[in-house]
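Numbering (the numbering used here), first residue to last: 3 to 343.
Beta carbons are placed, not taken as given, at the ideal position from N, Cα and C, and that holds for glycine.
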Ligand SMILES: [Zn+2]
């Protein structure tokens with residue numbers, strides 16, 4: 003299997019994350035990519051290819067124009083305001099306020115466009131986010147001639163909605179890849195999100211559409227981030243009704259339990275019969291992940307790959323989360339190797 007990456011994977015290099023009331027070193031770091039690349043080379047998964055320049059206008063099919071403009075200028079505006087730390091919001095348009103107003107001031111704008119403030123914006127964030135989109139688009143392009151491909155995106159994307167960032171995500175890479183495949187003729191896409199966290203951004207983007215089915219296995223939002231989306235009764239609206247499937251799972255979910263939900267989704271994929279199968283690949287379901295609460299073991303990931311491959315569909319894996327850095331390479335490559343068995 004080919005891997006697409008960008009050598010500029012550390013452009014987004016924030017130094018702070020607000021976690022448990024403290025500013026800590028972010029869990030989502032560029033070292034994640036380094037560990038995955040090393041494992042891909044060591045286990046000879048296949049060629050590692052640099053992402054190509056892409057027409058990035060396709061981003062506007064997924065994201066609001068003003069949101070993109072905000073991301074492009076946020077860091078400069080923050081610095082101009084005289085702030086010394088990295089950019090994080092402190093106020094939001096809460097239920098008791100007017101959520102339709104976009105303030106002029108950067109603090110207000112951050113609150114408007116941010117959905118969770120663990121994610122700092124700093125020098126290079128927007129450039130890094132564009133690199134990640136290029137990876138997803140290059141992979142989508144190559145997938146037309148391959149059985150499967152791995153887009154080693156960083157920063158991840160599945161929490162980014164039409165006009166909000168957070169959960170370490172800025173642009174929704176997998177949604178943009180889906181739009182690219184549709185532009186090139188695909189009629190039906192199935193996106194399966196196996197990251198520990200609910201892919202709220204991807205769900206929101208395709209919630210009223212019947213051509214992109216979104217399914218997610220994740221920590222129950224009553225207990226886990228992003229808390230305000232990802233419940234089992236969210237099934238899509240308008241033409242998209244019936245094309246959204248959430249499987250929230252409890253604390254300490256074992257692989258055997260998790261696998262049952264996976265099989266349920268796989269049956270949906272068979273019925274839907276998509277042209278392409280897209281996987282939001284997070285390995286923060288791992289038992290030792292520092293910010294999650296499932297109990298999957300490294301060896302289980304081979305089986306996940308085998309099950310995904312049993313559908314025999316052109317498959318695009320897009321990297322999302324996974325924060326147990328020492329095992330992130332092993333767990334990711336176990337899925338991809340399992341797929342190839
Ligand atoms: Zn995650």
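Local Cβ density within 10 Å of residue i, reported as buried at 16 or more and exposed below that
{"i": "residue 283", "result": "buried"}
{"i": "residue 211", "result": "buried"}
{"i": "residue 220", "result": "buried"}
{"i": "residue 338", "result": "buried"}
{"i": "residue 87", "result": "exposed"}
{"i": "residue 103", "result": "exposed"}
{"i": "residue 75", "result": "exposed"}
{"i": "residue 264", "result": "buried"}
{"i": "residue 267", "result": "buried"}
{"i": "residue 233", "result": "exposed"}
{"i": "residue 321", "result": "buried"}
{"i": "residue 1", "result": "Any property of residue 1 remains undetermined from this structure, which presents the chain solely from 3 to 343."}
{"i": "residue 316", "result": "buried"}
{"i": "residue 168", "result": "buried"}
{"i": "residue 62", "result": "exposed"}
{"i": "residue 112", "result": "buried"}
{"i": "residue 259", "result": "exposed"}
Opening and closing residue of the alpha helix (DSSP H) in which residue i lies
{"i": "residue 269", "result": "257-274"}
{"i": "residue 338", "result": "327-342"}
{"i": "residue 179", "result": "175-185"}
{"i": "residue 246", "result": "Unbroken run through residue 246 is the beta strand (DSSP E), 246-251; no alpha helix (DSSP H)."}
{"i": "residue 310", "result": "302-311"}
Host beta strand (DSSP E) of residue i (start-end)
{"i": "residue 215", "result": "214-221"}
{"i": "residue 195", "result": "191-195"}
{"i": "residue 19", "result": "19-21"}
{"i": "residue 150", "result": "150-153"}
{"i": "residue 43", "result": "Careful: residue 43 lies outside any beta strand (DSSP E), inside the alpha helix (DSSP H) at 33-44."}
{"i": "residue 207", "result": "Where residue 207 is concerned, there is no enclosing beta strand (DSSP E), although the alpha helix (DSSP H) it sits in stretches over 202-208."}
{"i": "residue 167", "result": "Where residue 167 is concerned, there is no enclosing beta strand (DSSP E), given that its DSSP letter is neither H nor E."}
{"i": "residue 4", "result": "4-7"}
Closer than 7 Å: residue i CB and nearest ligand 1 heavy atom
{"i": "residue 322", "result": "yes"}
{"i": "residue 296", "result": "no"}
{"i": "residue 284", "result": "yes"}
{"i": "residue 355", "result": "Only positions 3 to 343 of the chain appear in the structure, and residue 355 is not among them; the question remains open."}
{"i": "residue 198", "result": "yes"}
CB-CB length for residue i against residue j, believed under 8 Å
{"i": "residue 152", "j": "residue 294", "result": "Wrong, their Cβ atoms sit about 22 Å apart, outside the cutoff."}
{"i": "residue 368", "j": "residue 150", "result": "Within the shown structure, residues of the chain are numbered from 3 to 343, placing residue 368 beyond reach of any answer."}
{"i": "residue 336", "j": "residue 288", "result": "With a Cβ gap of about 10 Å, residue 336 and residue 288 do not count as contacting."}
{"i": "residue 277", "j": "residue 191", "result": "7 Å"}
{"i": "residue 204", "j": "residue 174", "result": "6 Å"}
{"i": "residue 8", "j": "residue 32", "result": "The pair is not a contact, with the Cβ atoms about 11 Å apart (cut-off 8 Å)."}
{"i": "residue 157", "j": "residue 200", "result": "Rounded, the Cβ-Cβ distance is 18 Å, inconsistent with contact."}
{"i": "residue 180", "j": "residue 14", "result": "Wrong, their Cβ atoms sit about 22 Å apart, outside the cutoff."}
{"i": "residue 134", "j": "residue 155", "result": "4 Å"}
Chain D within 8 Å of residue i, Cβ atoms only
{"i": "residue 171", "result": "Any reference to chain D falls outside this structure, which holds one protein chain only."}
Secondary structure, alpha helix (DSSP H): runs of 4+ residues fully inside the region 52-79: none
Runs of alpha helix (DSSP H) lying entirely within the region 76-129, each at least 4 residues, in chain order: 108-115
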